[in-house]
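Participant:
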Amino acid sequence: MAFERYVALGDSFTEGVGDPDPSRPNGLRGWADLVAGELARHSEDFAYANLAIRGRLLRPIIDEQLDAAVAMRPDLVTIYAGGNNLMRPKLDLDALAAEYDEAIGKLAATGARILMWTAYDGSWAPVFRALRGRWAVYNELVREIADRHGATIVDFWRFDEYRDLRMWDFDRLHMSAAGHRNMAIRVLDLLGVEHTLEPVQLGELPAKTRAEERAENLEWARAFLIPWVGRRLRGVSSGDGVTPKYPELAPVRF
428 MAFERYVALG DSFTEGVGDP DPSRPNGLRG WADLVAGELA RHSEDFAYAN
478 LAIRGRLLRP IIDEQLDAAV AMRPDLVTIY AGGNNLMRPK LDLDALAAEY
528 DEAIGKLAAT GARILMWTAY DGSWAPVFRA LRGRWAVYNE LVREIADRHG
578 ATIVDFWRFD EYRDLRMWDF DRLHMSAAGH RNMAIRVLDL LGVEHTLEPV
628 QLGELPAKTR AEERAENLEW ARAFLIPWVG RRLRGVSSGD GVTPKYPELA
678 PVRF
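Residue numbers (our numbering): 428 to 681.
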């Protein structure tokens, strides 16, 4: 089917962090922009809005983005929310799911096709291994919400291709340009939409010595992990002062 009014909600995942493009608002492209560009090929009346802002927890996403999205009368909505909550030391998953459920119910009432994401299983990376149980419970709650409201699940948990670090940005938390393109293809295929995006071909992963791996891990900790922890301690968000890339529905110009 051809979609005409696509609204993307969420955090850095949907804003496009990890896929830089200086020609676009916020200096980012990302999978949602790629999807919008392909959807625009199938409808002369297509319009797109992207309300996502990096660093947003679930509650701010609901407070800042939900009513605006509903008012746009979309026929397609994508939302990935709660990922930043999952990284916090303390979390009430049942309360989080209740908030998410109410939000999806409001989106479903518009009649739009809704796509929701499971969290990715990053337990193969040692620093994230301790969070696997929390992610798994979150995913089951998200599946229940999707079933209740007729939403479609994009099952990131099962996308094994993301075990390749080249699918991730230097911070190992956001997808790289290749990761975003692969996600766009996953979404378009799930929607059954023909597209022109070329599959990601990374080739064989180069072998690294333990010393090289150790050096990379130390650089990652210095450049990302320590500053990230520092922001958490200071109560600072990467999204402070950031505005949505495309706050209103508009024709695609890219």
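For every residue, glycine included, the Cβ atom is placed at its ideal position computed from N, Cα and C.
Since the structure is predicted, the reported quantities are computational estimates derived from the model, not experimental observations.
What is the DSSP secondary structure of ALA474, counted as helix, strand or coil?
Facilitator: Reduced to three states, the DSSP call for ALA474 is strand.
Participant: Pairs of beta-carbons, one from the region 499-515 and one from the region 442-454, closer than 8 Å: are there three or more?
Facilitator: No contact exists between the region 499-515 and the region 442-454.
Participant: For LEU676, which option in LEU436, TYR475, THR636 has the closest C-alpha, if you only look at C-alpha atoms?
Facilitator: Comparing Cα-Cα distances from LEU676 to each of LEU436, TYR475, THR636, the minimum goes to TYR475.
Participant: Would you report the Cα separation of ALA638 and ALA552, rounded to the nearest angstrom?
Facilitator: In a straight line, the C-alpha of ALA638 is about 17 Å away from that of ALA552.
Participant: Leaving out the 5 sequence neighbours to the left and right, which residues in its chain are closer than 7 Å to LEU632 when beta-carbon positions are compared?
Facilitator: Correct list, in chain order: ASP591.
Participant: So, with DSSP's three-state summary, where would you put GLU675?
Facilitator: Three-state result, GLU675: strand.
Participant: Tell me which same chain residues have a C-beta within less than 8 Å of the C-beta of SER603, skipping the five on either side of it?
Facilitator: Only GLY445, ASP446, ARG593, MET594, TRP595, ASP596 meet the Cβ criterion.
Participant: To the nearest angstrom, how far is it from the Cα of PHE586 to the Cα of GLY482?
Facilitator: About 23 Å.
Participant: Could you please give the first and the last residue of the uninterrupted beta strand (DSSP E) stretch that includes TRP544?
Facilitator: That run of the beta strand (DSSP E) goes 540-544.
Participant: Report buried or exposed for LYS517, applying the criterion of at least 16 other Cβ atoms within 10 angstroms of its Cβ.
Facilitator: Classification for LYS517: exposed.
Participant: At what residue ranges does the region 548-588 contain a whole run of the alpha helix (DSSP H), taking only runs of 4 or more?
Facilitator: Within the region 548-588, the complete alpha helix (DSSP H) runs of at least 4 residues are 559-576.
Participant: Take VAL554 and list the residues in its own chain whose beta-carbon comes closer than 7 Å to its own, dropping the five residues that flank it on each side.
Facilitator: Around VAL554: no qualifying Cβ.
Participant: Between the Cα of LEU645 and those of ASP598, PRO678, TRP458, spot the shortest distance and give me the residue it belongs to.
Facilitator: It is ASP598.
Participant: If I'm right that ASN477 touches PRO671 with Cβ under 8 Å, what's the distance once you round it to whole angstroms?
Facilitator: With a Cβ gap of about 6 Å, ASN477 and PRO671 count as contacting.
Participant: Any chance you could list the alpha helix (DSSP H) runs of at least 4 consecutive residues sitting entirely within the region 472-536, in chain order?
Facilitator: DSSP runs (the alpha helix (DSSP H)) wholly in the region 472-536: 485-488, 494-498, 510-513, 520-535.
Participant: Using a Cβ-Cβ cutoff of less than 8 Å, which residues in the same chain neighbour LEU629 once the five nearest sequence positions on both sides are dropped?
Facilitator: These residues qualify, in order along the chain: ASP591, ARG593, MET594, ALA605.
Participant: Does the distance from the C-beta atom of THR441 to that of ALA463 stay below 8 Å?
Facilitator: Cβ atoms of THR441 and ALA463: not closer than 8 Å.
Participant: If you drop the 5 nearest sequence neighbours on each side, which residues of the same chain put their C-beta closer than 8 Å to that of GLY454?
Facilitator: Within the same chain, GLY454 has close Cβ partners PRO447, ASP448.
Participant: Take GLY437 and list the residues in its own chain whose beta-carbon comes closer than 7 Å to its own, dropping the five residues that flank it on each side.
Facilitator: So the qualifying residues of the chain are ALA479, ILE488, ILE506, TYR507, ALA508.
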